[in-house]
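Asks: Okay, handing you the structure first.
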Amino acid sequence: MALYAIGDLHLCLGAPKPMDVFGGAWVGYMDKLKAGMSVIRPEDTTVLLGDLSWALDLPGAKADFDWINAIPGRKIILKGNHDYWWSTAAKFQKFCQENGFENLHLLNNNCYEYGGYALCGTRGWFYEEDRSGQHDEKVFKRELIRLEASLKAAGQMPKLVFLHYPPRYRGYECPEILALLQKYRVCRCFYGHLHGGSHKLAVEGLWDGVDFKLVASDYIGFAPYKVIS
3 MALYAIGDLH
13 LCLGAPKPMD
23 VFGGAWVGYM
33 DKLKAGMSVI
43 RPEDTTVLLG
53 DLSWALDLPG
63 AKADFDWINA
73 IPGRKIILKG
83 NHDYWWSTAA
93 KFQKFCQENG
103 FENLHLLNNN
113 CYEYGGYALC
123 GTRGWFYEED
133 RSGQHDEKVF
143 KRELIRLEAS
153 LKAAGQMPKL
163 VFLHYPPRYR
173 GYECPEILAL
183 LQKYRVCRCF
193 YGHLHGGSHK
203 LAVEGLWDGV
213 DFKLVASDYI
223 GFAPYKVIS
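Be aware that the sequence shown starts at 3, since it is given in our numbering, and climbs by one per residue.
Structure representation (structure tokens):
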């Protein structure tokens, strides 16, 4: 039994937007992902850290979720900034029931248990991108509420946090999210979103008592990162 994490699959089976156009590591990425995911077994849990499908709605995302559903074991999904198919938890659950997707779970105002750890998280937010926008401020505050709800749901269990956006990278940090990690004594934090040249901005290792790790697919070689064996 193992716990894995990987973000930014950017599947394009239902929407013609392959990442191969960016060249470099992304060339042939769908085949690389298929090979990388082959290490996962039915007894394992995999956390998928957003930007999963380019589809604009759930019907358009069906082929991509067929692909995700074929990954063995439990899959825990959180939202990325390009997951336009995401609507509500109830609609996603109905979508899964209608298509026979039995082992897909949303990380959204909740948490899941794995080996005595609580798996917590949400999308997060790059609030500094537009601090003048009132709508963005509402979204940011909602993400803080969701993260704290997830952390509260964990009770006294040791907590692993999974975010799409990095709460800190070189030249930037989100003090509100970092404060929540401190308040709830989060031991490890995993994030995605950074690609290509942005990899050099990643902050990894122990910072203020939290161990950070970038798990964007192109950063970790399109193979899931083993969090716990």
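Even glycine gets a Cβ: it sits at the ideal position worked out from N, Cα and C.
Can you tell me whether residue 152 is helix, strand or coil according to DSSP?
Replies: helix
Asks: If distances are taken between C-alpha atoms only, which option among 150, 220, 69 and 224 comes closest to residue 109?
Replies: 150
Asks: Just to confirm, is the Cβ distance from residue 41 to residue 225 under 8 Å?
Replies: yes
Asks: Measure the alpha-carbon distance for residue 203 versus residue 174 and round it to whole angstroms.
Replies: 9 Å
Asks: So residue 126 and residue 79 are supposed to be a Cβ contact under 8 Å. How far apart are they, rounded?
Replies: Incorrect: roughly 15 Å between the Cβ atoms, too far for contact.
Asks: Report the three-state DSSP secondary structure of residue 42 (helix, strand or coil).
Replies: In the structure shown, residue 42 sits in coil (DSSP, three-state: anything other than H, G, I, E or B).
Asks: Measuring alpha carbon to alpha carbon, tell me which residue in 160, 230 and 220 is nearest residue 26.
Replies: 220
Asks: Measure the alpha-carbon distance for residue 196 versus residue 76 and round it to whole angstroms.
Replies: Their Cα atoms are separated by approximately 25 Å.
Asks: Mind checking who residue 122 pairs with in its DSSP beta bridge?
Replies: 163
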